[in-house]
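UniProt numbering puts the first residue of the sequence shown at 1, with every later residue one more than the last. We treat Cβ as the ideally placed atom computed from N, Cα and C, and that holds for glycine. These numbers were taken from a predicted model, which means no experiment stands behind them.
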Amino acid sequence: MPQQVDKESEVGEGSLASEEKQGDKPRDSSLSVTVPRRPRKMKEMPVPASRAPRSTRPPLAVKPTEFIRPTVKKPSTAAPLRRLPSTGGNSSRTDSRPAFQDTTIERLQREATCGKLWQSPGDADLQKVPGNFSSVEDYAKVFEPLLFEECRAQLHNAWEELLEGTTGDPHAAVTIKMCERRERGWWDVTLMPMDRNRELRFKEGDVAVLSTPKPGSGIKRKGRLKDSKSESAEEGQIAGRVAGIVRRYIPIDVRDPPGAVLRFHISQEDMNKEGNGEADSITNPVHTLQQIQQAGASWFLTVIGGFTTTQREYSALHQMPNFRPQMMNAILHPKAELFPGYADTAPPPMPDCFTAPFIHHLHSGFNVPQLAAIQWAAAHTAAGTSEVSSNSSGGQPWPFTLVQGPPGTGKTHTVWGMLNVIHLVQYQRYYTALLKKLAPGSVSSEESSLSNGGDHYGDGGGTIDEVLQKMDHNLARVLPKLCPKPRMLVCAPSNAATDELLSRVLDRGFIDGEMKHYKPDVARVGVDTASRAAQAVSVERRTEQLLAMEQPHLMRWLQQLRNKEVTLGQTVMSLQKDLIDAAAMARSQGNVGVDPEVLAFRDQMRDGKLQQLAAVVEERDKVLVEMSRLFIIEGKFRPGSNFRNEDARRKLEASFANEAEIVFTTVSSSGRKIFSQLSHGFDMVVIDEAAQASEVAVLPPLSLRAARCVLVGDPQQLPATVISRAADTMKYSRSLFERFQQAGCPAILLSVQYRMHPQIRDFPSRYFYQGRLVDSESVKALSEEVYHKDPLLQPYLFFDISLGRESHAGSVSYQNKMEAQVAVHLYQHLQKTLADEAGGGPPANVSVGIITPYKQQLQCLEKEFVALIGSNAASNGVYINTVDAFQGQERDVIMMSCVRASSYGVGFVADIRRMNVALTRARRSLWVIGNASALAQSEDWAALLADAKDRRCFVSSTTCIQRGLLPEPVAGPPMGSSGILHPRPGGLMSRGRGMSGPHGGRHSSSGRHQYNNHAGEGSHWRGRSNSGVQERGPDGRELWQRPPYDRSCRGQRDGPRAPGFGPQFQHPSRRNKGL
């Protein structure tokens, strides 16, 4: 499951472990079925007429053959039951309310584990995501079914991975202890491990499957069934499969091992399927419930995993009515008027709180586009004040700022600068408001105007005497009552991206207006982080350290804090006395006839005292917070305190997150319960890599009621990974960033790139970014590499490997062994050239990355390089991975193996975003290895090939043979069949291990083509062709229908072209047709 799982369990009903009731029968080897009393006004499943009427007496145990099963009513022929049109909700509901009104987690559990888990959705079940929405209800109605479908696809994908797994046995043999009916169609099956020495491993709220016979023992079926089909058992076979939510079961008898309770749901639709002849489907819960009575059946429990991330997205989706109005309206109705005209408007002036040295620091440390993004971020933070309110329509602050960062443009560096200025602006407003609270009128009118537009500043407050009189020396905190601190949330889709930003802030810190370095108070929320820097500020780790503290250490630390708090209290009293004396002297002297210099000195002394008072109050507040944390731990050593470890952990984690000025977490973890326990929310949210997250994925951080948000990303690179092909077709993977751009909303483009050699940058800039990328001065100043003198090692080359053959060996992935061997020989040639240039000395250190779209080709490359340089290729500077996994990384030299070499299409290699990522990873050299004739079936790759030929960067197969990269074919069978290949004497291939033949024809196995749903290989169904062309397998049968697309929107799956996107090349056969 590509979902994050936290230690906390966020499940709905029934999250606690079940225990046997005292009134239950003792555990017996026979099957016990109990039926609890029915709740009133609850529609339930009909039961047989022979069943005894409801009684207050305890239910009797029945024999295994006397299992109480539900009776399925057959529909009348006069009024047949018909399937209602899909409304995008749960079809199992029995009331007449719109489906989207049921927003409980229980409904998500029903939808995730229902029979649709084993079936592909129908055409009418899903709706394409539009560009605008009429209302919040319309938004939920569109996204909710897509979220359910993606959740089911992820669970089914995890199920298939377990069936294909080779390590361990995930299927635990269990015995059924009892089956009980619950409310609203839920059933609980209590399971005990058949092997008393084997523990059932799962987390509360995980999804599990109860099945018989053992999964994988019969015919293995790949993929989900069509919506109209069902999977039936053979005649006489006991078979059933049901998915549900699993929780711990603790028996009363301590000699019995812990078991599990699987809760599954039977809907009215499941019961109605008997009338449609589908009651015998092994995936129908009614059928499985009936099979539990059969004697001799062996049942197996398979834990698939959790779906915590989906639960958080689902909750945030239904919290949208609570969003800030401007933010909610921008999401529902994106339009350019909600954004400043970045391209047509000069960047706003620097805030008044920025000193001249700090402004000079910004100009010297950032280029013009980066500085523009930083200035707009500063203005965005101060939105609502008179100086910037005119930049958006109606005088209202715009809720979103979009920053597009193409590859190599210093996006992370820019985000760090944005966080610095946002923090400075926030705390300038904060301290101005705090001084105004302490002594009204002590700041100038210009400074006080900064606090008028804030969410927490500039209202109320008394005189300094009134404030100080309320300050006592107990644990009552003063600072939050005076003026809550501003807070910022920084998140990204992955832990790696989040920790990268966090490490940058911790290592560099921030710079204030006086050019002094300082480190803000930060916290990292999330248990999955492995970064050492992140662990140092992790709320989970800091909490565990406090919980592990011994009593002597705790008491010593608490006493030190008490002494410090007393000292700070005395300082507050001293400052109070000084301010009172100064105020009395000012009243006695007055202002009339007093020397202006004396008045200025008096005001300066007063302001200095106020600033000291504010600093002491803030420090005292921190001491009080630390003491409150220690008092929580101190309860563990106090007799009779009823100390609970989980409650203490929850309070401590919330305390660390609540006091941090900047909180770092992933977009998924921002939906954790800890954020609902904070005393106040966030003023600003910054989401990095926002284009790699689906729109629903960014709703959790936006649901924390932040007024403004900065989205940073690049929609021209790979989007979010969506497992469900049906949901992806409905644009579920599209990010909010991309939808904004398609609606015409402008973005700040970081256009200066620091990574790629100019020859590498040329094609991606013109084809993906309308020629707007330019080289930095540092890139222009670099000299050519020593190996660039070799014709085969130029900065940018395409090697046509027309003799290579793709194969998949029965897998859904592909490999091309000849391309892998060519990559090895290119690496050998590079190393030899570097050694020759070194003249006996150590060769230059050049990092090499080899990337490919397919996992099977990844394994083939690893095998070839292991044979050449050993198992630890990374120690030799060689990194091999998929294109998807390489996004965000870079190397000196990149070799890309395209793999596809048939006339049946190029699959998802044609995805223009994957193409962009692959072509922008190299710093000094990019060598693309592929079959030109096969790749030319894709319009985008055809443009690359035409450009490579025009720029004399195309290395033909003939040249590859002449230079020894390819074996010389011997006259014989025509192309497309197995032929005899011989290395050219004296060529590059003859220097190494030699090279074998193509190992078969185009496909090494027959059968229908399937798509791999694993990340990095078929996880995005975005293969494109020049029209609605059908791919065909080796037997000539149709594989799948590619949807036609609008040629005027190359790079987008559909919809208008986003700003900043527009290919500058045309297909060779259509160059004169005005495309």
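Worksheet item: Terminal residues of the continuous beta strand (DSSP E) containing residue 879?
Response: Its beta strand (DSSP E) spans residues 878–882.
Item to complete: Let me know the secondary structure DSSP gives residue 902 once reduced to three states.
Response: For residue 902, the three-state secondary structure derived from DSSP is coil.
Worksheet item: Going along the chain, which unbroken runs of the alpha helix (DSSP H) with 4 or more residues stay wholly within the segment 624–661?
Response: Scanning the segment 624–661 for uninterrupted alpha helix (DSSP H) segments of 4 residues or longer gives 645–659, listed from N- to C-terminal end.
Item to complete: Look at the Cβ atom of residue 932, then the Cβ atom of residue 945, and state whether they are nearer than 8 Å.
Response: For residue 932 and residue 945, yes; Cβs fall inside 8 Å.
Discussion item. Since residue 697 and residue 153 should fall inside the 8 Å C-beta cutoff, what is the C-beta to C-beta distance between them, to a whole number of angstroms?
Written reply: Rounded, the Cβ-Cβ distance is 15 Å, inconsistent with contact.
Worksheet item: On the three-state DSSP scale, how would you describe residue 366?
Response: Coil, per DSSP.
Worksheet item: Which whole-angstrom value is the C-beta distance of residue 515 and residue 357, which I expect to be below 8 Å?
Response: Yes, residue 515 and residue 357 are in contact; Cβ-Cβ is about 5 Å, under 8 Å.
Worksheet entry | DSSP three-state assignment for residue 283, whether helix, strand or coil | Note: residue 283 maps to coil in three-state DSSP.
Worksheet item: In whole angstroms, what separates the C-alpha of residue 690 from that of residue 699?
Response: Between residue 690 and residue 699, the C-alpha separation is close to 11 Å.
Item to complete: Just mark residue 693 as buried or exposed, buried being the case when its beta carbon has 16 or more other beta carbons within 10 Å.
Response: Burial state of residue 693 is buried, judged by a 10 Å Cβ sphere holding 16 or more other Cβ atoms.
Discussion item. For residue 265, which residues in the same chain have their Cβ closer than 6 Å to its Cβ, ignoring the five residues on either side in sequence?
Written reply: Same-chain partners within the cutoff: 110, 185, 186.
Practice prompt. Return helix, strand or coil for residue 321, following the three-state DSSP convention.
Written response: Correct three-state label for residue 321: helix.
Fill in: residue 630 to residue 561 span [Cα, whole Å]
CA-CA distance, residue 630 to residue 561, rounds to 10 Å.
Worksheet item: From residue 411 to residue 291, what does the alpha carbon distance come to, in whole angstroms?
Response: Near 58 Å, if we compare the C-alpha coordinates of residue 291 and residue 411.
Worksheet item: The beta strand (DSSP E) spanning residue 523 covers which residue range?
Response: Residue 523 -> beta strand (DSSP E) spans 522–524.
Worksheet item: Can the beta-carbon of residue 306 be found less than 8 Å from the beta-carbon of residue 370?
Response: In this structure, residue 370 does not lie closer than 8 Å to residue 306 by Cβ.
Worksheet item: Going by other Cβ atoms of all chains shown within 10 Å of its Cβ, with 16 needed for buried, is residue 825 buried or exposed?
Response: Buried: at least 16 other Cβ atoms inside 10 Å.
Discussion item. Taking the straight line between their C-alpha atoms, what separation do you get for residue 963 and residue 786?
Written reply: Cα-Cα distance, rounded: 19 Å.
Item to complete: Check whether the Cβ atoms of residue 681 and residue 718 sit closer than 8 Å, and answer yes or no.
Response: Taking 8 Å as the Cβ cut-off, residue 681 and residue 718 do not qualify as a contacting pair.
Fill in: Top-ranked residue by Cα proximity to residue 899, from 916, 921, 854
Looking at the Cα atoms, 854 is the closest of the given residues.
Discussion item. What does the alpha-carbon distance come out to for the pair residue 435 and residue 615?
Written reply: One Cα belongs to residue 435, the other to residue 615, and the distance between them is close to 10 Å.
Worksheet item: If we count the other Cβ atoms within 10 Å of its Cβ and call it buried at 16 or more, is residue 599 buried or exposed?
Response: Residue 599 should be labelled exposed.
Item to complete: Kindly identify the DSSP beta-bridge partner or partners of residue 815.
Response: Residue 815 is bridged to 807.
Discussion item. Under 8 Å: do the segment 151–171 and the segment 131–139 share three or more Cβ pairs, one atom per stretch?
Written reply: These segments do not touch.
Discussion item. As a quick exercise: from 903, 642, 326, pick the residue whose alpha carbon is nearest that of residue 934.
Written reply: The shortest C-alpha separation from residue 934 is found at 903.
Worksheet item: Would you report the Cα separation of residue 427 and residue 769, rounded to the nearest angstrom?
Response: If I take the Cα positions, the gap works out to 37 Å.
Worksheet item: Between the beta-carbon of residue 318 and the beta-carbon of residue 140, is there less than 8 Å?
Response: Taking a C-beta distance under 8 Å as the contact criterion, residue 318 and residue 140 qualify as a contact pair.
Worksheet item: So does residue 152 have its beta carbon nearer than 7 Å to some heavy atom of the ligand FMN?
Response: In terms of ligand content, the structure shown is empty, and the ligand FMN therefore cannot be addressed.
Practice prompt. Tell me whether residue 796 is buried or exposed, calling it buried when 16 or more other Cβ atoms sit within 10 Å of its Cβ.
Written response: Of the other Cβ atoms in all chains shown, 16 or more fall within 10 Å of the Cβ of residue 796; this residue is therefore buried.
Worksheet item: So what's residue 917 in DSSP terms, helix, strand or just coil?
Response: Correct three-state label for residue 917: helix.
Item to complete: Can you have a look at residue 789 and say buried or exposed, based on whether 16 or more other CB atoms are within 10 angstroms of its CB?
Response: Exposed, because fewer than 16 other Cβ atoms sit within 10 Å of the Cβ of residue 789.
Item to complete: Compare the Cα-Cα distances from residue 195 to each of 173, 636, 216, 538 and report the closest residue.
Response: It is 173 whose Cα lies nearest to the Cα of residue 195.
Worksheet item: Which term fits residue 388, buried or exposed, when burial requires 16 or more other beta carbons within 10 angstroms of its beta carbon?
Response: Low confidence applies to residue 388: its pLDDT is 38, below 50, so where it sits in the model is not reliable, and the reading given next is rough at best. Buried, by the Cβ-count rule.
Fill in: Contact set for residue 512: own chain, Cβ-Cβ below 8 Å, skip 5 residues either direction
Hits under 8 Å: 358, 424, 518.
Item to complete: Using only alpha-carbon positions, find the residue among 541, 924, 504, 606 that is nearest to residue 755.
Response: Its Cα nearest to that of residue 755, the residue 924 stands out among 541, 924, 504, 606.
Discussion item. Taking contact to mean 3 or more Cβ pairs, one atom from each stretch, closer than 8 Å, check whether the segment 664–673 and the segment 488–501 are in contact.
Written reply: Verdict: yes, contact present.
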